[in-house]
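Asker: In this note's numbering, the protein residues as written are 38 to 154.
Glycine included, each C-beta is placed from N, C-alpha and C at the ideal position.
Here it is: the structure, laid out below.
Now the structure itself:
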């Protein structure tokens, strides 16, 4: 199963994602974790991510998408993955859909956590 977990900041996405990923034996993929790992990797992509984050800027969609797609291609995602808080934009959703379709994969479930304001 490939799934997406969405919700506003503070809605509990990260907490629920950990529980769901463990219960369903899915690879848990959170963009924030990927950004932190990239910054510490010393790679060109990591340096690029670090430069945006140090300036307090959002990492551009094309960089985020590249990181997510590389992660989805990892062996531990073969049996399924749970995207935590990604995609955040229509462009990200469209790029994800296109990339998954070329790999003959799809998103099976989307869960939106809605909490009162």
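Where does residue 138 land, buried or exposed, given buried means 16+ other C-beta within 10 angstroms?
Answerer: Position 101 of the chain shown, counted from the start, is the residue given in the question as residue 138. With fewer than 16 Cβ atoms within 10 Å of its Cβ, residue 138 is classed as exposed.
Asker: On a CA-only basis, which of 46, 114, 42 is nearest residue 154? Give me that one, please.
Answerer: Numbered from 1 along the chain shown, position 117 holds the residue referred to as residue 154. Comparing Cα-Cα distances from residue 154 to each of 46, 114, 42, the minimum goes to 46.
Asker: With a threshold of 16 other CB atoms inside 10 Å of the CB of residue 67, please say whether the residue is buried or exposed.
Answerer: Residue mapping note: residue 67 aligns to position 30 of the chain shown, counting from 1. Flag for residue 67 reads buried.
Asker: Classify residue 118 as helix, strand or coil using the three-state DSSP reduction.
Answerer: Here residue 118 is taken as the residue at index 81 of the chain shown, counted from 1. It is a strand residue.
Asker: How many whole angstroms separate the CB atoms of residue 118 and residue 62, which I take to be in contact at a CB cut-off of 8 Å?
Answerer: Residue mapping note: residue 118 aligns to position 81 of the chain shown, counting from 1. Residue mapping note: residue 62 aligns to position 25 of the chain shown, counting from 1. Between residue 62 and residue 118 the Cβ distance is about 11 Å, and since that is not below 8 Å, they are no contact.
Asker: Within this structure, are the beta carbons of residue 51 and residue 150 separated by less than 8 Å?
Answerer: Mapped onto the chain shown, residue 51 falls at position 14. Mapped onto the chain shown, residue 150 falls at position 113. Contact flag unset, no.
Asker: For residue 64, which residues does DSSP report across the bridge?
Answerer: Here residue 64 refers to the residue found at position 27 when the chain shown is read from its first residue. DSSP output for residue 64 lists 118 as bridge partner(s).
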